[in-house]
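Reviewing the structure listed below.
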Amino acid sequence: MFTNIMVPVDLGHLEALEPALSIVADLAKKYDARITYVSITANTPTSIARTPQEYEQKLEAFAQEQHKVHGQPVSIKAYSSTDPVANVDTILVGAIDEVKADLVMMATHLPRHLDIVMPSHGGKVATHTDVSVFLIRTAQ
Numbered sequence: 005m006f007t008n009i010m011v012p013v014d015l016g017h018l019e020a021l022e023p024a025l026s027i028v029a030d031l032a033k034k035y036d037a038r039i040t041y042v043s044i045t046a047n048t049p050t051s052i053a054r055t056p057q058e059y060e061q062k063l064e065a066f067a068q069e070q071h072k073v074h075g076q077p078v079s080i081k082a083y084s085s086t087d088p089v090a091n092v093d094t095i096l097v098g099a100i101d102e103v104k105a106d107l108v109m110m111a112t113h114l115p116r117h118l119d120i121v122m123p124s125h126g127g128k129v130a131t132h133t134d135v136s137v138f139l140i141r142t143a144q
């Protein structure tokens, strides 16, 4: 049913993603699917990496660690942006086609009142693509 599961990750918040990553791995095993980790960084130095190239190397290291733990085939796609916060939804929607994902699995937060004004990234991605989007609510 699924052959390539796209998983957006924020390397600055991996501990919050851990429960979702296990669920992704379980579903990928069930369908013998590849997991493509997608991430976005700034063009300028951040607390994670000084350059987009260094960020991509760290994303690759993360993906390979997930492969060692869970055994599923993995790939990555790193994007850089002048304003990752403002561009995240547009970049993620474009990435779905670029990596040829047939499912997107995203960690998300519980609904908040602020979501009326600023919807969650998962909700925005789901409304702008024709592939299935699975939002995994992690404990806050």
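First residue of the sequence shown: 5, per our numbering; consecutive thereafter. Backbone N, C-alpha and C fix where the C-beta goes; we use that ideal spot for every residue, glycine too.
Same chain, Cβ closer than 8 Å to residue i, neighbours up to 5 away in sequence not counted
i, result
"Lys34", "none"
"Leu21", "Val13, Asp14, Ala111, Thr142"
"Ala65", "none"
Rounded distance between the beta-carbons of residue j and residue i, thought under 8 Å
i, j, result
"Asn47", "Thr86", "6 Å"
"Val73", "Leu96", "Going by Cβ atoms, the distance from Val73 to Leu96 rounds to 24 Å, so no, they are not a contact pair."
"Thr112", "Pro23", "Not quite, the Cβ-Cβ distance comes to about 12 Å (not below 8 Å), so this is no contact."
"Arg38", "Ser79", "6 Å"
Spatially closest choice to residue i from the options, by CA coordinates
i, options, result
"Thr131", "Val108, Val28, Arg141", "Val108"
"Ser51", "Thr142, Gly16, Pro88", "Gly16"
"Lys81", "Thr133, Ile100, Leu31, Ala32", "Ile100"
"Gly75", "Leu18, Asp36, Lys62", "Asp36"
"Met103", "Val92, Val42, Phe66, Leu63", "Note that residue 103 is Val in the sequence shown here, rather than Met. Checking every option, the nearest Cα to that of Val103 belongs to Val42."
"Leu18", "Pro88, Met5, Lys62", "Lys62"
Residue span of the beta strand (DSSP E) that contains residue i, given as start and end
i, result
"Val28", "That residue, Val28, is in no beta strand (DSSP E); its alpha helix (DSSP H) goes 18-35."
"Ser43", "38-46"
"Ile9", "8-12"
"Ala50", "The sequence as given places Thr at residue 50; Ala does not occur at that position. No beta strand (DSSP E) holds Thr50; DSSP gives it neither H nor E."
"Leu107", "107-112"
"Leu139", "136-141"
Close-in-space but distant-in-sequence residues of the same chain around residue i (CB under 6 Å, 5 per side omitted)
i, result
"His117", "Because His117 carries a pLDDT of 44, less than 50, the predicted location of this residue cannot be relied on, and the following value inherits that uncertainty. Closer than 6 Å at Cβ, skipping near neighbours: no residue."
"Pro173", "With the chain covering 5 to 144 only, the question about residue 173 has no answer from this structure."
"Glu60", "Ala82"
"Ala67", "Tyr41, Val78, Ile80"
"Thr133", "Val97, Ile100"
Own chain residues within Cβ distance below 7 Å of residue i, not counting five before or after
i, result
"Ala105", "Asn8, Ile9, Met10, Thr40, Val135"
"Leu25", "Gln70"
"Val28", "Ile9, Val11, Ile39, Met109"
"Pro88", "Ile44, Thr45, Ala46"
"Ala32", "Ile9, Ile39, Gln76"
Could you tell me which whole alpha helix (DSSP H) segments of length 4 or greater appear in the region 55-90?
56-74
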